[in-house]
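In this note's numbering, the protein residues as written are 53 to 568.
All residues carry an ideal CB built from backbone N, CA and C; glycine is no exception.
Treat the numbers as computed from the prediction; the structure is a model and nothing was measured.
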């Protein structure tokens with residue numbers, strides 16, 4: 053055998069060679085001469101898939117014919133297999149079609165058979181190959197399971213079913229948490245801020261998968277327990293909250309108030325033209341850029357568990373708590389309480405910053421108490437107060453809003469927007485130190501986590517008509533997070549190794565690595 057080739061390889065690929073010769077003959081026939089290029093693509097796509105499948109089968113048949121009996125096969129419990137049975141078959145569905153794997157079964161009394169050749173091939177526990185599982189993971193994270201099924205079958209001709217695609221996607225996600233636990237973080241200096249953020253987004257869940265409190269509330273509101281239709285007052289979109297987290301590094305980028313919001317006193321055209329003529333309008337400095345971004349999400353874990361996972365990732369990057377930890381939130385009290393509790397438990401100092409955009413919305417509510425709908429001057433009014441806030445004047449802004457309401461003689465519902473803004477500013481004052489954040493070059497907006505809520509949840513889990521089970525929603529959410537982190541290829545290599553350990557290595561004594 054030249055070059056260490058397997059015995060019998062001269063004739064092993066005769067079936068696939070015959071199929072290839074048949075394709076060549078078909079292309080040389082007069083009928084092919086009048087085909088369009090699209091017809092040729094369809095023809096070759098179908099024929100060559102079968103040629104490739106046969107090549108796969110021929111190779112497996114060749115390996116089966118060359119499999120040599122092993123002297124000793126002992127399982128993890130120390131029980132040997134003294135008998136063998138040749139010709140044991142199993143089916144494998146691949147991206148090229150179904151093939152048959154033939155190998156030696158090692159047998160013992162009262163114990164399960166072992167197949168070392170399966171370990172050499174790293175065969176899956178089920179029928180579908182890792183290649184099909186990878187496609188199911190990618191396509192399920194991209195669109196609905198039905199669309200994923202259609203795309204996979206169009207690409208492979210495998211005939212895989214909707215439920216099988218969903219099961220493969222769920223299985224594909226099982227190692228994601230362990231993968232990130234083992235991932236070595238990118239090095240950073242002690243001066244590089246470590247940014248953490250958490251948010252939530254509702255997912256429409258099948259009734260049996262709702263959290264207990266949500267299910268009780270839905271039943272109480274409906275006043276009915278109909279099984280075949282919604283009762284009066286019962287909502288279609290019964291949701292379970294998915295909690296998402298983000299951790300990333302961001303080099304400091306100090307800015308001033310002018311870099312965030314232009315002084316409305318310099319907005320008239322004459323001033324802008326004069327600035328432009330004399331070069332007096334410098335470009336705004338950009339905020340800190342996110343790098344080494346890590347996203348996570350879960351519909352099965354509680355918000356507290358996701359917050360803990362976010363802190364785990366942060367400590368993975370900064371175990372000594374040497375870097376400044378900045379936590380961006382949208383102002384939800386429950387989230388802030390969970391974050392503070394987790395920080396206390398771990399003994400880490402954190403700087404919580406409420407998203408500026410959420411604060412501006414409260415200023416706009418206050419503005420409409422003092423301005424008519426559509427009044428353009430409201431924009432300048434909001435800008436002036438926002439600049440004071442950015443400069444550290446939280447109490448000054450709250451006092452000014454109270455004074456404006458009194459001056460305008462607003463009462464009751466007329467001043468509701470102002471009262472809400474004042475209460476928000478005074479209640480969140482400790483987390484509105486934008487002057488400190490700008491000086492130190494920290495971010496002040498939750499764009500990363502807001503984008504994650506839109507991309508990870510809304511764009512896939514919130515598609516029209518979707519009603520999720522927990523396992524499917526959890527798997528898709530995690531797979532989308534891995535893809536958003538640009539880690540899918542690295543994760544898949546890790547996942548296949550974990551599959552080898554689970555399905556093969558742990559079945560043998562001393563976790564023996566089996567080789568051909």
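- With 16 or more other Cβ atoms from the protein chains shown falling within 10 Å of its own Cβ, residue 210 counts as buried.
- Under DSSP, residue 560 takes part in a beta bridge, and its partners are 127.
- Only buried fits residue 509, as 16 or more other CB atoms lie within 10 angstroms of its CB.
- Counting C-beta pairs with one atom in each stretch, the stretch 551-560 and the stretch 169-187 have three or more that are closer than 8 Å, which means they touch.
- When beta bridges are read from the DSSP output, residue 228 appears opposite no residue.
- Remark: fewer than three beta-carbon pairs, one from each stretch, lie closer than 8 Å, so the stretch 148-164 and the stretch 478-487 are not flagged as touching.
- When the five nearest sequence neighbours on each side are left out, the beta carbons in the same chain lying within less than 7 Å of the beta carbon of residue 460 are those of 422, in order along the chain.
- Of the residues assessed, residue 76 falls on the exposed side of the cut-off, its CB having fewer than 16 other CB atoms within 10 angstroms.
- In its chain, beyond the 5 residues on either side, 224, 544 have a beta carbon closer than 8 Å to the beta carbon of residue 186.
- The shortest C-alpha to C-alpha distance from residue 408 to any of 380, 349, 394 is the one to 380.
- Residue 181 sits away from residue 126, with the two beta carbons spaced by 8 Å or more.
- In the structure shown, residue 437 falls within a helical segment according to DSSP collapsed to helix, strand and coil.
- For a cut-off of 8 Å, the C-beta gap from residue 513 to residue 531 is around 11 Å, too long to register as a contact.
- Secondary structure at residue 296: strand, using DSSP grouped into helix, strand and coil.
- In this structure, the alpha-carbon of residue 374 lies about 19 Å from that of residue 342.
- Cβ contact annotation for residue 476 (same chain, cutoff 7 Å, sequence separation greater than five): 414, in chain order.
- Boundaries of the alpha helix (DSSP H) around residue 192: 182-194.
- In the DSSP assignment, residue 344 falls outside any alpha helix (DSSP H) and lies within the beta strand (DSSP E) extending over 342-350.
- If only uninterrupted alpha helix (DSSP H) runs of at least 4 residues are considered, those enclosed by the stretch 195-222 are 197-208.
- In this structure the stretch 361-378 lies against the stretch 392-402, because at least three pairs of beta carbons, one per stretch, are closer than 8 Å.
- Collapsing the DSSP output to three states places residue 157 in a strand.
- CA-to-CA, the gap between residue 117 and residue 200 works out to about 37 Å.
- In the structure shown, residue 520 falls within a strand segment according to DSSP collapsed to helix, strand and coil.
- Only residues of its own chain outside the window of five on either side were considered, and among them 152, 153, 154 have a CB closer than 8 Å to the CB of residue 141, listed in chain order.
- Contact between residue 227 and residue 550 holds, since their C-beta atoms are separated by about 5 Å, short of 8 Å.
- Taking residue 135 as the centre and dropping the five residues before and after it, the same chain places the C-beta of 158, 159, 160 closer than 8 Å to its C-beta, in chain order.
- Cβ contact annotation for residue 84 (same chain, cutoff 8 Å, sequence separation greater than five): 78, 92, 95, in chain order.
- Per DSSP, the unbroken beta strand (DSSP E) holding residue 253 starts and ends at 246-256.
- The C-beta distance from residue 314 to residue 350 rounds to 41 Å, too long to meet the 8 Å contact threshold.
- A Cβ-Cβ separation of about 5 Å places residue 500 in contact with residue 298 under the 8 Å criterion.
- In this structure, 439 is the residue among 214, 236, 439 with its C-alpha nearest to the C-alpha of residue 311.
- Between the alpha carbons of residue 115 and residue 250 lies a gap of roughly 52 Å.
- In the three-state DSSP reduction, residue 119 falls in the coil class, being neither helix nor strand.
- Counted as a single uninterrupted DSSP element, the beta strand (DSSP E) harbouring residue 145 occupies residues 135-146.
- Here residue 392 is exposed, its C-beta having fewer than 16 other C-beta atoms within 10 Å.
- In this structure residue 221 touches residue 189 by the C-beta definition: roughly 6 Å separates them, less than 8 Å.
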